[in-house]
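Chemist: In the working numbering, the protein residues as written are 56 to 306.
Each residue gets a CB set at the ideal place from its N, CA and C atoms; glycine is no exception.
I'd like to ask you about the structure that follows.
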């Protein structure tokens with residue numbers, strides 16, 4: 056038999072009681088969603104808002120990312136091409152003629168004493184003896200040296216590409232995340248390469264950003280022995296390229 060119960064302040068829903076654990080489920084799910092969103096969005100936002108004065112240096116052509124103006128195409132936005140596979144090094148700087156060298160067969164006259172791989176380390180980031188490939192562009196398997204750039208120890212600059220994602224996924228032994236913490240490296244830190252039985256030490260002297268259409272960063276300056284290490288920024292995006300330059304300190 057139906058019985059009417061009047062609602063009171065103590066019992067606003069007479070005859071219908073929802074267990075406490077069910078009441079907390081929506082809040083719990085919302086909290087998880089916000090945590091995931093924050094974990095993905097925070098690295099990008101914090102990277103954009105952080106104090107970037109540490110990137111400043113005196114070379115007028117290479118400025119802090121905050122005040123950076125393109126030397127290649129001033130006041131234009133980066134060129135974004137959707138659907139590209141960024142584990143392929145040839146997609147990082149669209150328009151460079153050197154990209155074609157990744158897919159061309161190796162010429163027969165390559166010197167026999169040039170190895171296919173060498174080792175690369177940034178101890179301050181926990182990167183030790185990572186493999187750099189001189190023969191292909193697969194960034195999911197190793198770091199990649201850009202074609203027609205100097206070999207370690209030579210005049211000019213080896214240009215080394217490495218994949219990255221948001222810092223929370225950083226794993227120095229996984230090549231799809233190996234450079235996720237590269238934006239945290241400091242001027243004065245050392246980069247080591249082991250090539251053909253010789254070890255070369257480069258000291259980081261410049262850190263800056265370029266757009267994907269700024270191909271000048273790939274050019275070689277044969278007046279000095281340097282190295283350029285490149286990944287995509289902000290973390291988890293492909294909008295710009297972070298460039299870390301080091302100068303050889305042992306020869």
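1. Sort out for me which residues DSSP pairs residue 194 with in a bridge.
2. Buried or exposed for residue 195, please, with buried defined as at least 16 other CB atoms from any protein chain shown within 10 angstroms of its CB.
3. Could you give the DSSP three-state label for residue 322: helix, strand or coil?
4. Excluding the five sequence neighbours on either side, which residues of its own chain have a C-beta within less than 8 angstroms of the C-beta of residue 153, listed in chain order?
5. Count the C-beta pairs between the stretch 270 to 290 and the stretch 206 to 220 that are closer than 8 angstroms, then say yes if the count reaches three, no if not.
6. When the Cβ atoms of the stretch 280 to 294 are set against those of the stretch 234 to 249, are three or more pairs found closer than 8 angstroms?
7. Given that a residue counts as buried once 16 or more other Cβ atoms are within 10 Å of its Cβ, and exposed if not, what is residue 301?
8. Residue 177 lies in the beta strand (DSSP E); which residues open and close that run?
9. Going by CA-CA distance only, name the one from 157, 150, 175 and 139 that's closest to residue 253.
10. Comparing C-alpha positions only, which one of 243, 145 and 267 sits nearest to residue 299?
11. Which residues mark the beginning and the end of the beta strand (DSSP E) in which residue 185 is found?
12. Rounded to whole angstroms, what's the CA-CA distance from residue 198 to residue 188? Just pull it up for me.
13. Use the C-beta contact count for residue 297: other C-beta atoms within 10 angstroms, 16 or more gives buried, fewer gives exposed.
14. Quick one: measure Cβ to Cβ for residue 222 and residue 182, integer angstroms, because I've assumed they're closer than 8 angstroms.
15. Given that a residue counts as buried once 16 or more other Cβ atoms are within 10 Å of its Cβ, and exposed if not, what is residue 269?
16. Apart from the five residues on each side of it in sequence, which residues of its chain come closer than 6 angstroms, Cβ to Cβ, to residue 220?
17. For residue 20, collect the residues of the same chain with a Cβ closer than 6 angstroms to its Cβ; drop the 5 residues on either side in sequence, then sort them by chain order.
18. If you run the structure through DSSP and keep just helix, strand and coil, what is residue 233?
19. Rounded to the nearest angstrom, what separates residue 313 and residue 186 at their Cα positions?
20. For residue 272, which of helix, strand or coil comes out of DSSP?
Modeler: Here's the rundown:
1. Beta-bridge pairing links residue 194 to no other residue.
2. Answer is exposed; the Cβ neighbour count stays below 16.
3. Only positions 56 to 306 of the chain appear in this structure, which leaves residue 322 out of reach.
4. Only residues of its own chain outside the window of five on either side were considered, and among them 201, 202, 203 and 273 have a CB closer than 8 angstroms to the CB of residue 153, listed in chain order.
5. Yes, the stretch 270 to 290 is in contact with the stretch 206 to 220.
6. The stretch 280 to 294 is in contact with the stretch 234 to 249.
7. Burial check for residue 301: the Cβ neighbour count within 10 Å reaches 16 or more, so the residue is buried.
8. That run of the beta strand (DSSP E) goes 172 to 177.
9. The option with the nearest alpha carbon to residue 253 is 175.
10. Comparing alpha carbon positions, the residue from 243, 145 and 267 closest to residue 299 is 243.
11. Following the DSSP letters along the chain, one finds residue 185 inside the beta strand (DSSP E) bounded by residues 182 to 188.
12. Going from the Cα of residue 198 to the Cα of residue 188 covers about 6 angstroms.
13. Here residue 297 is buried. Its C-beta has 16 or more other C-beta atoms within 10 Å.
14. About 14 angstroms separates the two Cβ atoms, so there is no contact after all.
15. The residue is buried, with at least 16 neighbouring Cβ atoms inside 10 Å.
16. Cβ within range, chain order: 232, 235 and 291.
17. The question about residue 20 has no answer here: the residues shown for the chain are numbered 56 through 306.
18. Of the three classes helix, strand and coil, the one that applies to residue 233 here is coil, per DSSP.
19. Any question about residue 313 goes unanswered here, given that the chain covers just 56 to 306.
20. Helix.
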